[in-house]
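Below is one structure; the comments refer to it alone.
In the working numbering, the protein residues as written are 2 to 419.
Structure representation (structure tokens):
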């Protein structure tokens, strides 16, 4: 029984953390027109792993094992569906094209990473922007539809429809989905950066599951962003700013939760646990982002994260600077989440009543179903002594979150005030 549980845990981990890599490799071989079949084949490989590994043990390279099994499954399915044609010849041609693609100059000189290649492919201009991002999070990030809905502040049913339409559009285009040539890369860059931003955010605060953070997603977003920041075509100020933002935020990962797994607020964190090497690296990217005249949303977020990273204590944080940065950010990227963060900074500068007044104005902006909104309101209600309203806000947050660590955090807060 223990062996079976270990195998199930290994398979669950691989599904959660490596599905994007598997999709990327198989999509490069078989193409986007078979995306649904590729996802089915990966599921089949996981089912086979549960049976085989329980007897023979987990292989040395489980991801490669799963990819090979999925590839064999796809070959078998394609042969069955094409009995009247010599599909073996088509398969050999597919593999030959894939091998040639690997040798093409732009695959070596532009971006060699399968996952980054797949991100750019998903961000095809023929697909609507929101669909690009949702599709990429699904295929590359391994997000489920609930997690994507959380990232978009949307209903899961809406995301279901977006993904169906995006996959249908891919099949209609019937184009070769690879890294575009250098002159096309910049036009797709913003969508790619948004994907990486949401990928990191999901890692920094997981939508669901037992853990507060998914470090693998954070570090994968950092790794891919660094590749972009080192490439001559995509090495632009906003890419460096995004890399800086990620590094500043990731420097706090070790202090994000207590030993019992309950989240640790920024005001409570042990700053000796912060990764100061990562902060220094973030400062290097932040300085590089200052080249030229561009001021992007990522510059402003990196500026905010930088102030948190270099402040000696929570009390010595320059909240006036942070409030100003959020106001400038709202001017170029108005959104309810930016407004929520601005309200928190306003509360630190002008007091909790000012923050609560701002929060009340956000209820009509889609914040009612966003649990961080209710946690923020609860904190300011506690500061004003209105524990009954704080308890109501905590209860709303508790109902809305699917993350077990956050649930423990909220319950602990409720115990203190009820």
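Every residue, glycine too, gets a C-beta built ideally from N, C-alpha and C.
Using the Cα positions of residue i and residue j, report the straight-line distance between them to the nearest angstrom.
i: residue 412; j: residue 237; result: 44 Å
i: residue 267; j: residue 214; result: 15 Å
i: residue 56; j: residue 166; result: 41 Å
i: residue 109; j: residue 363; result: Residue placement at residue 109 is flagged as unreliable, the pLDDT there being 33, under the threshold of 50; the coordinate-derived value follows with that caveat. Approximately 48 Å, taken between the alpha carbons.
i: residue 245; j: residue 25; result: 26 Å
i: residue 50; j: residue 41; result: 14 Å
i: residue 386; j: residue 354; result: 11 Å
i: residue 48; j: residue 72; result: 14 Å
i: residue 174; j: residue 119; result: 16 Å
i: residue 172; j: residue 127; result: 12 Å
i: residue 105; j: residue 197; result: Confidence at residue 105 is low in this model, with a pLDDT of 39, below 50, so its placement is unreliable and the value that follows should be read with caution. If you take the alpha carbons of residue 105 and residue 197, they lie about 26 Å apart.
i: residue 230; j: residue 388; result: 47 Å
i: residue 261; j: residue 316; result: 25 Å
i: residue 205; j: residue 124; result: 23 Å
i: residue 295; j: residue 287; result: 13 Å
i: residue 67; j: residue 322; result: 50 Å
i: residue 201; j: residue 137; result: 13 Å
i: residue 299; j: residue 192; result: 13 Å
i: residue 303; j: residue 28; result: 34 Å
i: residue 239; j: residue 81; result: 48 Å
i: residue 417; j: residue 398; result: 16 Å
i: residue 160; j: residue 135; result: 8 Å
i: residue 340; j: residue 358; result: 12 Å
i: residue 258; j: residue 46; result: 35 Å
i: residue 277; j: residue 284; result: 10 Å
i: residue 227; j: residue 149; result: 24 Å
i: residue 320; j: residue 403; result: 31 Å
i: residue 314; j: residue 220; result: 26 Å
i: residue 153; j: residue 365; result: 16 Å
i: residue 43; j: residue 269; result: 42 Å
Would residue i and residue j qualify as a contact pair, given that the criterion is a beta-carbon distance under 8 Å?
i: residue 203; j: residue 144; result: yes
i: residue 264; j: residue 33; result: no
i: residue 36; j: residue 168; result: yes
i: residue 170; j: residue 157; result: no
i: residue 301; j: residue 272; result: no
i: residue 360; j: residue 346; result: no
i: residue 249; j: residue 280; result: yes
i: residue 116; j: residue 22; result: yes
i: residue 252; j: residue 310; result: yes
i: residue 378; j: residue 415; result: no
i: residue 211; j: residue 405; result: yes
i: residue 254; j: residue 216; result: yes
i: residue 297; j: residue 242; result: yes
i: residue 368; j: residue 335; result: no
i: residue 142; j: residue 225; result: no
i: residue 164; j: residue 139; result: yes
i: residue 390; j: residue 350; result: no
Starting from residue i, follow the alpha helix (DSSP H) in both directions and report where the run begins and ends.
i: residue 372; result: 372-384
i: residue 283; result: 277-289
i: residue 345; result: 337-351
i: residue 204; result: 186-205
i: residue 155; result: No alpha helix (DSSP H) contains residue 155, which DSSP labels as neither H nor E.
i: residue 238; result: 238-251
i: residue 53; result: 36-57
i: residue 363; result: Run containing residue 363: none; DSSP gives neither H nor E here.
i: residue 294; result: Neither: residue 294 is in no alpha helix (DSSP H) and is coded neither H nor E.
i: residue 227; result: 216-231
i: residue 131; result: 130-140
i: residue 270; result: From DSSP, residue 270 is part of no alpha helix (DSSP H); its letter is neither H nor E.
Apart from the five residues just before and just after residue i, which ones in its own chain have a Cβ nearer than 8 Å to its Cβ?
i: residue 401; result: 370, 371, 372 and 375
i: residue 235; result: 186, 187, 190 and 229
i: residue 1; result: With the chain represented from 2 up to 419, any question about residue 1 goes unanswered, as that position is not in the structure.
i: residue 53; result: none
If you drop the 5 nearest sequence neighbours on each side, which residues of the same chain put their C-beta closer than 7 Å to that of residue i?
i: residue 151; result: 208
i: residue 342; result: 327
i: residue 1; result: Residue coverage of the chain in this structure runs from 2 to 419, which leaves residue 1 outside it and unanswerable.
i: residue 348; result: 355, 356 and 381
CB-CB under 6 Å to residue i, same chain, minus the five flanking residues each way: which ones, in chain order?
i: residue 312; result: 318
i: residue 19; result: 64
i: residue 232; result: none
i: residue 395; result: 379, 411, 414 and 415
i: residue 407; result: none
i: residue 87; result: Its pLDDT being 44, under 50, residue 87 is placed unreliably by the model, and the measurement read from it follows with that caveat. Within the same chain, residue 87 has no close Cβ partners at all.
i: residue 289; result: 241
i: residue 183; result: 234
i: residue 282; result: 248
Who does residue i pair with in a DSSP beta bridge?
i: residue 210; result: 404
i: residue 264; result: 258
Comparing the C-beta of residue i with each C-beta of chain D, is any distance below 8 Å?
i: residue 48; result: In summary, chain D is missing from the structure at hand, where a single protein chain is found.
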